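When we follow the working numbering, the leftmost residue of the sequence shown carries the number 11, and every step to the right adds one.
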Amino acid sequence: IYWGHGIYGIEAASNFYFGKHPSLLTLGESALLVGIIPAPELRSPLKDPCRGKLFQARVLKRMVDVGFLDVKTAVSAVKQSLPLHLSSFLGE
């Protein structure tokens, strides 16, 4: 899967966007990554954090709609800030 910024694969994406292994991602971080799949360059949270949060919320809402998540957990995940790993984006 292509994740934008020349990144392929979930492990590379997790390290690029959040600086950690995929097994350590929070629900909110995971939902954000899922949300960017259809258009990773357009939906990149590094280019537009608000857009990233919008698609994160859509993924979490869908999880609630299909019964994988309760509303309280989804709302809590949306409210959490996303500690993006900006040094990857800036090439540091």
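All residues carry an ideal CB built from backbone N, CA and C; glycine is no exception. All figures in this text were calculated on a predicted structure; none of them were measured in a lab.
* To do: Within the segment 26–62, note down every full alpha helix (DSSP H) run reaching 4 residues or more, in order along the chain.
  => Fully enclosed alpha helix (DSSP H) runs of 4 or longer: 37–46, 50–53.
* To do: Give the straight-line distance between the Cα atoms of R61 and S33, rounded to the nearest whole angstrom.
  => Their backbone Cα atoms lie some 24 Å apart in a straight line.
* Report the residue from V44, P55, T36 whose alpha carbon sits nearest the alpha carbon of G19. => For G19, the closest alpha carbon among the candidates V44, P55, T36 is that of V44.
* To do: Output yes or no for whether 8 Å exceeds the beta carbon distance between S24 and H31.
  => Taking C-beta atoms as the reference points, S24 and H31 count as a pair closer than 8 Å.
* **Nearest neighbour of V88, chosen from D58, V69, Y12 [CA to CA]** => When each option's Cα is compared against that of V88, the closest is V69.
* Asked: What's the call for A84, buried or exposed, on a 16-neighbour Cβ count within 10 Å?
  -> By the neighbour-count rule (16 or more Cβ atoms within 10 Å), A84 is buried.
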